[in-house]
Structures are given as structure tokens and as C-alpha cells.
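The structure appears right after this line, and notes come after that.
Residue numbers (the working numbering): 3 to 655.
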């Protein structure tokens, strides 16, 4: 399949554009939420300030005769003016715009001012004239004033008048008999608050946006130096390839996978140059076509042997490839990495040299990802992103990748549009039908996921390309899955693969082989003693877990230390995951014990937030138990596969 033609899509530009959009969206959301937050914060603080002022004011009024608040014309009003000056001082010190006292009544739609003061000197003179003693004005919203008359602290009320927009609070002023002869009102300037909020939002957005832009620039520079520039250099070498000249491999210092592509292309270029020189001596198109097929076949044969055997403690693996006359792109890969057994089988679209080159690139990328320690799904998703970035021919490849832990029998696998694997165990022979996913190289963000099964002793997994099930007989019938089930034998991995290959050859005898036939068989064999239980998530289950440990470990000191670590993990799962059952598997080898916990609760990694070195007193807040586990166990590893939490631990014996 090929991509639709159109303008080229550059990953670097796409990433920069996406990051720019993200920054704009972040700035917009930050502006919105900062404004909302600051307005709420200001309103809350204003209310608290008004409450505090009420307390100060009420306390000061306890010792004041309210009669001094009566302003008398043509008489000495020194006390009145002194107290008004005190109110103005409180305005200035408390950030209040206006403070005023007035009389009101439930049955009157007017209020009568007794005293008023403003923080600003000019405003103070103005309101003293326009709202001085005895001035009556209409009540706007009287519900707040009614609450104050009933003895409640009320507000905020938003007032818009000739003095501006104000946020107003009211509270009662009591006389010595407990009556409410006066009501106090305090106003905060809404315009000033909005001005402060706008300044806060602008400062916050500018700071955060500047930081995001700086991070983006650094990120793009690193990508350009470590990924895009080397890839472009390799692409230029490919585009400028001249069969008449010797290829000079560019000096690229980048990540392993890119260096592998560079090395592979250098080797392929050298091979192709030699073959092209031979083609020039040929006289007809058929000879040139045959030479091209020889090139592709040599690439495929060099990277995919006709047969391959790999074995070790707990497993045996056999793979074989029988290419068709027209060279395709089937390949397999098997290797050990960090105590894990990695197996890959794939089928590249198309035929000939293009398929072989794409196969070489895909094989190297996937192998590099698995060797780096990635799980199958992460390896395939990462490989897909790289293949999509450098795939001018629009080719794709279906892949099945798996990793076996021979100590525990844990078989983690991921499927990118490949045929379903076949399992043979104690329950018989059956197909495993994982979520298929999409083939690599078609679309970015493939979304391939891991799945997992536990292999029993003697279990085998057989994976294959569609050349097996789609082999055609002289009656034009396909070999199919049912015949494959019958062909799988119960012997060794090699016997299983050879029995299938022989069955396909017998079935299609007399017919030309139209597609590669590639097989890989993995058998799990272990002498380790293993116990497994599904335990209810409750504290009494700890007793059964200790009994399981007792069956496998006799040394009292080792048993005590391992039991402490296992109990800590069990209790963590019990407290945080909310699962309905906890699977516990213990496998004993001569020098170690492997323990596996599995639950279907919510995602919870007890190792994710493990504390660093700290004072002993701080361990009461959590973390000492997990640190103890990491000190006792040789290895501790958490993974989330499907809907299950899985913790694997190994202990030295």
C-alpha cells in the first residue's frame, strides 16, 4: 500500500506547530483560570477583610456614646469630626474605599447618612458634602440592609453610582440596649480590584508562556541535533546514491537505531553498487530483473537465516524461513537480552528490493528497541513512529513481538496486524486472539497494546506468517487455521516447526509457492518448582502466602527476609488497588526465587513514588516498607498490562 500523494509532511515542523498550538491553548486556559482564581481569591479576601474590620469597628464602638455621632449645626462638633477622621484612617489602613454609618428602617425605602469617610482626600471632601450628616437617599437592593437590621453581617452587594463601582458589606451597630440604631457600610473599589486582577493575569501568562517557549526551543534544538539532522543526512545519502561511485558512510553520532540504519544503508549501498555494476554487463531486461532479485534475496538471506535455534534455561526456540521465488519481506528475529527471550516475526508488504530494504530497516529498529529494554508494545509503537517518518514508498509491515521471562513463564506480547499465534498447553491446542492493532508504517500513533499470559511447563507458542495459512493446493483450497491446528505437534520447538512446514509442503505439492513461509516456535520448559494461588484480598491470606513460601524455601533467614518483602507488597495491593483477588506465583530455581503478584485493581505502582534518602522520623509518612523491599530483593519490577497490575521480584538464595 502507498500513501496518497501530496505535500510532504515534515515531522520537525509538525512538532513545532503542535507545540505552538499547545502554548497558545495553555496561555488561553491560563488566562481564563488565572482570572477566575484571582477574582475568587480577591472576593474571598475582601470578605475576610470586611469581617476583620467589623470586629475592630464593633470593639471600638463598645466604649463610644452614640450621641457623639450626632452632628449639630453651629455647635462644637470636634468629637464628631475626630471620629470621622478615625474612620478615614481605618479606610486608608484597611484598603477600604468608603466607610459610612446610616439609619434605616424595615418600613422605609430611604436611608439617612450619619457619617461617611473616604480613603482618598478629594473623595472624602466630596462625599462629606454630598452624603454628609442627614442626607437621605433611596435604597437600591434592600435585602442586604434588612439582614443588617436583623443583626446579620451581609454582603457583598455590587453598587454602581456616581462614586463608581463598589463592593459593599453591611453590619449592624448596637447601642447599649442591644438595639440597632445604626448600620455600618464599607465599600471596596471594584475597578481597582479588576485592575489588580488584570495585572496578575498578565504577569502570570507572560512568565509561564516565556518558560514554555524556552522549553520548546531547547526541545526542538535537541530533536534537531540528535534525530532530525542525522536522519536528514542519511536521507540525503540515500537520495544522492550513485552506483558509479563508492558510497562513503557519513560520520553520525546519534542514537543506536539511527546509527544502525546508517550502517545498514552503508552495507546495502556497497552490495547494491556491486550488483549494479554487474547488471550493466547484462544485455536484456530479464537478466537485470534476475540480478535485482538476487540482491534482495542476498539481503533477506543475510538477515534471515533459513533456520535458527536458540535455547537456554527454561526455553527452547526454533525459527525457519522458506522464501518464495519472488522475494518478499518476511523476517524473524530471536535473541536474549537482560535475562529475557525476545522473539519477533513479521511480514513486509510488497516484493523485491523495496520490501527487502524496508525489512532490513524495520528489523534493525525493532531489535534495537527490544534490546534497550522496552516492552513489546512500546517497542512496536516507537518503531512505527520512526518507520512512518522515513517511508517514502508507503510500505508497511505486520509484526508479532513477544518477550518471555524464563524464570516465571511470563509471556508478554503485542500484535501489529499480524496473524494470530497458536498455543499448545495442558488444555489442548488453541489460537490466541489478542487485540490486532494496525500494521507498522501506515499511521502515526498506532496505539498497540501489550497482552500477557503465563506459560505452563511444556507449553509452546507457534507464530507464523500468512504464507502458511494461505498456501494453496492444486484444488485451489487454502491450508487454513484448522489444518494448522492439526499440524502442530507436541514435541520440541524444532519438531513443531518442521511438522507444520512439512504439512504445508505436502498440501501444496505441485503448486508454485506464492508467498514466503516463515515459522517460529517457542517452548517453555523448566525444572523449577512452582506454586501459584489466587488469594482473596484480606489479611488472613498472608498465612497461605507464608505456606507457599515454606514449600519452596527452607533456609530460615532467607525465608524471613523474603516473607517481609512479600507481605509488604501484598499489604500495599490490599490497601490501594481495590482488587477482588490477588494472584501469587512463586518459582524456585537452584540459586534464586522468583515471586510474581498480579491483581486486576486500579493502576497503582508502589515503586513510582518511592522516597529518596531521608531522616528516619519521616518514614512514618510512608515509604520505609517499599525501600525495605528494594533492599531485600535482587530485582523489583512493576508493569501494567491490559487491566492488570504486575509486580515481579527475584530474591537470591
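Heads up, the beta-carbon is just placed ideally off N, CA and C, and yes, glycines get one too.
Between which two residues does the alpha helix (DSSP H) containing residue i stretch?
i	result
residue 82	80-96
residue 578	558-578
residue 373	354-373
residue 650	First-last for residue 650: 646-654, but that is the beta strand (DSSP E), not the alpha helix (DSSP H).
residue 471	468-471
residue 195	192-225
residue 237	231-241
residue 544	543-554
residue 99	Here residue 99 belongs to no alpha helix (DSSP H), and DSSP marks it neither H nor E.
By a C-beta neighbour count over all protein chains shown, 10 Å radius and 16 as the cutoff for buried, is residue i buried or exposed?
i	result
residue 549	exposed
residue 115	buried
residue 127	exposed
residue 369	buried
residue 430	exposed
residue 221	exposed
residue 647	buried
residue 420	buried
residue 618	In this prediction, residue 618 has a pLDDT of 45, which is less than 50 and means its spatial position is unreliable; nothing more can be read from the coordinates.
residue 340	exposed
residue 412	buried
residue 170	buried
residue 649	buried
residue 643	buried
residue 517	buried
residue 702	The structure shown does not extend to residue 702, since the chain is modelled only from 3 to 655, so the question has no answer here.
residue 91	exposed
residue 15	exposed
Where do the N-terminal and C-terminal ends of the beta strand (DSSP E) with residue i fall, by residue?
i	result
residue 415	412-418
residue 117	112-120
residue 498	Counting along the chain, residue 498 falls outside any beta strand (DSSP E), though it belongs to the alpha helix (DSSP H) covering 495-509.
residue 631	Run containing residue 631: none in the beta strand (DSSP E); it sits in the alpha helix (DSSP H), 626-634.
residue 317	317-324
Which residue from the options puts its Cα closest to that of residue i?
i	options	result
residue 112	368, 137, 206	137
residue 437	444, 422, 426	422
residue 523	372, 508, 495, 543	495
residue 591	580, 607, 553	553
residue 85	99, 59, 98	59
residue 597	80, 140, 589	589
residue 520	348, 144, 630, 29	348
residue 577	560, 604, 557	604
residue 656	144, 193, 355	The chain is shown from 3 up to 655; residue 656 falls before or after that span and cannot be answered.
residue 313	307, 306, 321	321
residue 439	432, 424, 418	418
residue 152	177, 311, 108, 143	108
residue 45	556, 94, 190	190
By how many angstroms is the C-alpha of residue j removed from the C-alpha of residue i?
i	j	result
residue 2	residue 446	A query on residue 2 cannot be resolved here, the shown segment of the chain reaching from 3 to 655 and no further.
residue 535	residue 587	7 angstroms
residue 600	residue 338	25 angstroms
residue 401	residue 336	13 angstroms
residue 325	residue 334	12 angstroms
residue 655	residue 527	22 angstroms
residue 381	residue 374	9 angstroms
residue 366	residue 352	19 angstroms
residue 497	residue 407	23 angstroms
residue 205	residue 20	24 angstroms
residue 180	residue 89	22 angstroms
residue 454	residue 376	15 angstroms
residue 309	residue 595	34 angstroms
residue 121	residue 132	16 angstroms
residue 218	residue 187	52 angstroms
residue 623	residue 544	For residue 623, the predicted model reports a pLDDT of 47, less than 50, meaning its position is unreliable; a value from the coordinates is still stated below. Roughly 24 angstroms separates the two Cα atoms.
residue 620	residue 626	The predicted position of residue 620 is uncertain, since its pLDDT is 49 and thus under 50; no value can be drawn from it.
residue 645	residue 602	6 angstroms
residue 184	residue 54	19 angstroms
residue 394	residue 17	19 angstroms
residue 638	residue 652	7 angstroms
residue 129	residue 212	46 angstroms
residue 3	residue 33	Confidence is the limiting factor: at residue 3 the pLDDT is only 44, short of 50, which leaves the residue's position unreliable, though a coordinate-based value still follows. Answer to the nearest angstrom: the Cα atoms are 46 angstroms apart.
residue 568	residue 514	59 angstroms
residue 172	residue 25	44 angstroms
Check whether the Cβ of residue i sits closer than 8 angstroms to any heavy atom of the ligand FMN, and report yes or no.
i	result
residue 149	With respect to small molecules bound, the structure shown includes none, and the ligand FMN cannot be examined in it.
* Examine the Cβ distances between the segment 447-455 and the segment 494-504 and report whether three or more of them are shorter than 8 angstroms. => The segment 447-455, when compared against the segment 494-504, does not touch it at the 8 angstroms Cβ threshold.
Check your understanding: How do the segment 36-55 and the segment 147-158 stand: do at least 3 beta-carbon pairs fall below 8 angstroms, yes or no?
Key -> The segment 36-55 makes contact with the segment 147-158, as at least three CB pairs between them are under 8 angstroms.
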